[in-house]
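Numbering (the UniProt record's numbering), first residue to last: 1 to 386. The beta-carbon is built from N, C-alpha and C at its ideal position, and this holds for glycine as well. Before any comments, here is the structure.
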């Protein structure tokens, strides 16, 4: 089976983890701060806060920005459910903004119209979570301008996008957002096995997220309510969580980070080759906005024409039967049973639903051989002809 994504673990990665295993610290040691500093420096942000998953990073970012009961968070319906669930963890409510059918990202025009209507109804969101789908950056300048106009905070869900760029600057520098979140899941661009990170240029947000990831406990006398009882003393000053990243994960991340740009460049090489090989087939290749340089976490081909659910499934299953580990990213969040119970219905976000009926994620990862890529294209050609 040729998977849609696969991590690469080198001898150097293994040695980095072994060094931690032989050290005094398996958690809460010096390697996590080193990883945070190196990621932040690479993308041009002031602070990084490493956690055990991007989901945790989204949660503490929402809390640090004050999201709570009575508030609204808006995100894209084409994303993993975590981009929306983070609001519910805070007791807030969720809504969605339809996608641009070319980029699969939150559409600024749809956002502008929805914000105007929400202002009249007195239901403006507190936070926007634009998702850099497949690694392609959203139109962050346009989204930021709208958010500034209405007094809304922004969390970039860049789980797919580390190593990508927007307007020739690395995604994650938070020029157009309060916080950016990365994922280091094994199928992502670099991995820490499981893990995530929040980036910000706001020191107070960084301090609050660091507090929340570790039970809300501080050893800083300046944050305590009274003089410490002694050098052993700590205080819980907020309701936090055990969202810490381990030293083992961070060591793997530090090692992987050294290959980040090379990984993204290789993904672009394979994506361009897919573009050429798929040109004769009845599929749409991913459109790339000239302002962006995608991280290319995913390469999504869309079946052309009126595609029935049966035809979509037929092509998908034909590829799987030929050993091609395709996938579909993602089922529109608002159509999930949990969200239907909140009142969302099919037809609410038509571009997202049209995308879902057509999309198939093809295998793409740096270690993919050209022979494997040829096999993917051949299998797709045969599936489409059947």
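**Message:** Beta-carbon within less than 8 angstroms of residue 33's beta-carbon, same chain only, minus the 5 sequence neighbours each way: which residues are those?
**Reply:** Here residue 33 corresponds to residue number 33 of the chain shown, with the count starting at 1. Excluding positions up to five away in sequence, the list is empty.
*Near residue 356, which residues of its chain fall below 7 angstroms by C-beta distance, leaving aside the five closest residues on each side in sequence?*
Looking up residue 356 in the chain shown gives position 356. Around residue 356: 331 and 332.
Thinking just about the alpha-carbon of each residue, which of 82, 241 and 221 is nearest to the one in residue 235? Along the chain shown, read from residue 1 onward, the residue named residue 235 stands at position 235. Cα-wise, what sits closest to residue 235 is 221.
*asked:* Would the segment 144 to 162 count as touching the segment 112 to 123 if we require 3 or more Cβ pairs under 8 angstroms?
replied: yes
Practice item. Determine the contact status of residue 267 and residue 364, defining contact as a CB-CB distance below 8 angstroms. Key: Position 267 of the chain shown, counting from 1, holds the residue named residue 267. Position 364 of the chain shown, counting from 1, holds the residue named residue 364. The answer is yes: Cβ separation under 8 angstroms.
- Message: Tell me the residue span of the beta strand (DSSP E) that contains residue 93.
- Response: On the chain shown, position 93 is the one that residue 93 refers to. Where residue 93 is concerned, the enclosing beta strand (DSSP E) stretches over 93 to 96.
- Among the residues of its own chain, which have a CB less than 7 angstroms from the CB of residue 166, if the five just before and after it don't count? Numbered from 1 along the chain shown, position 166 holds the residue referred to as residue 166. Answer for residue 166: 137, 140, 291 and 292, listed in chain order.
Assuming contact is defined by CB atoms lying nearer than 8 angstroms, are residue 249 and residue 195 in contact in what I supplied? Stepping through the chain shown from its first residue, residue 249 is reached at position 249. Stepping through the chain shown from its first residue, residue 195 is reached at position 195. Closer than 8 angstroms, so yes.
key: Residues bridged to residue 75 (per DSSP)   = Looking up residue 75 in the chain shown gives position 75. In DSSP, residue 75 forms a bridge with 96 and 129.
Runs of alpha helix (DSSP H) wholly within the segment 179 to 223 (minimum 4 residues, chain order): 203 to 212
Three-state secondary structure (DSSP) at residue 291?
Counting from one through the chain shown, the residue named residue 291 turns up at place 291. Of the three classes helix, strand and coil, the one that applies to residue 291 here is coil, per DSSP.
Assuming residue 154 contacts residue 177 (C-beta within less than 8 angstroms), just tell me the rounded distance between them. Residue mapping note: residue 154 aligns to position 154 of the chain shown, counting from 1. Residue mapping note: residue 177 aligns to position 177 of the chain shown, counting from 1. The pair is a contact, with the Cβ atoms about 4 angstroms apart (cut-off 8 angstroms).
Exercise for review: Would you be able to state if there are at least three C-beta pairs under 8 angstroms between the segment 47 to 55 and the segment 200 to 207?
Suggested key: yes
**Message:** Once DSSP output is grouped into helix, strand and coil, what is the label at residue 53?
**Reply:** Here residue 53 corresponds to residue number 53 of the chain shown, with the count starting at 1. Coil.
For residue 100, does the count of other Cβ atoms within 10 angstroms reach 16, so buried, or fall short, so exposed? The count along the chain shown starts at 1 and reaches residue 100 at position 100. Burial call: buried.
*Thinking C-alpha only, which one of 306, 309 and 316 is nearest residue 300?*
Counting from 1 along the chain shown, the entry for residue 300 is found at position 300. It is 316.
Closest residue to residue 4 among 74, 366 and 128 (Cα-Cα distance) = Taking the chain shown and counting its residues from 1, one reaches residue 4 at position 4. Answer by Cα proximity: 366.
- Query: Span of the alpha helix (DSSP H) holding residue 156?
  - Reply: Start at 1 with the first residue of the chain shown, and residue 156 comes out as number 156. Careful: residue 156 lies outside any alpha helix (DSSP H), inside the beta strand (DSSP E) at 153 to 157.
Find out if the Cβ-Cβ distance for the pair residue 31, residue 251 is shorter than 8 angstroms. Sequence index remark: in the chain shown, residue 31 carries index 31 (1-based). Sequence index remark: in the chain shown, residue 251 carries index 251 (1-based). Their beta carbons are under 8 angstroms apart, which means residue 31 touches residue 251 by this criterion.
Taking the beta strand (DSSP E) that residue 362 falls in, what are its first and last residues?
Taking the first residue of the chain shown as position 1, residue 362 is located at position 362. 359 to 362 is the extent of the beta strand (DSSP E) around residue 362.
Could you check which residue in 156, 113 and 325 has the C-alpha nearest to that of residue 54? In the chain shown, the residue the question calls residue 54 occupies position 54. Per the Cα distances, 156.
Please list the terminal residues of the continuous alpha helix (DSSP H) segment that includes residue 263. Here residue 263 corresponds to residue number 263 of the chain shown, with the count starting at 1. Start and end: 260 to 278.
Note to self: Just to confirm my understanding: we take residue 275, look at its own chain, exclude 5 residues before and 5 after, and list those with CB closer than 7 angstroms. What are they?
What the structure shows: As a first step, residue 275 is located in the chain shown; it is residue number 275 there, counting from the start. Contacts found: 285.
Of all the options 72, 328, 320 and 345, which has the alpha carbon lying nearest to the alpha carbon of residue 378?
-> Here residue 378 corresponds to residue number 378 of the chain shown, with the count starting at 1. Cα-wise, what sits closest to residue 378 is 320.
Q.
With DSSP as the reference, identify every bridge partner of residue 169, one or two as the case may be.
A. What you label residue 169 is simply residue 169 of the chain shown in a count that begins at 1. DSSP output for residue 169 lists 166 as bridge partner(s).
* residue 258 versus 42, 81 and 187, residue with shortest Cα-Cα distance -> Within the chain shown, numbered from 1, the residue matching residue 258 stands at position 258. Cα-wise, what sits closest to residue 258 is 42.
Margin query: Below 8 angstroms, how does it come out for the segment 215 to 232 and the segment 79 to 89: are there three or more Cβ pairs, yes or no?
Written below: no
Open item on the list: According to DSSP, is residue 329 part of a helix, a strand, or is it coil?
Closed with: The residue labelled residue 329 in the question sits at position 329 within the chain shown. Of the three classes helix, strand and coil, the one that applies to residue 329 here is coil, per DSSP.
Taking the beta strand (DSSP E) that residue 86 falls in, what are its first and last residues? Your numbering for residue 86 matches position 86 in the chain shown. Here residue 86 belongs to no beta strand (DSSP E); instead the alpha helix (DSSP H) covers 82 to 89.
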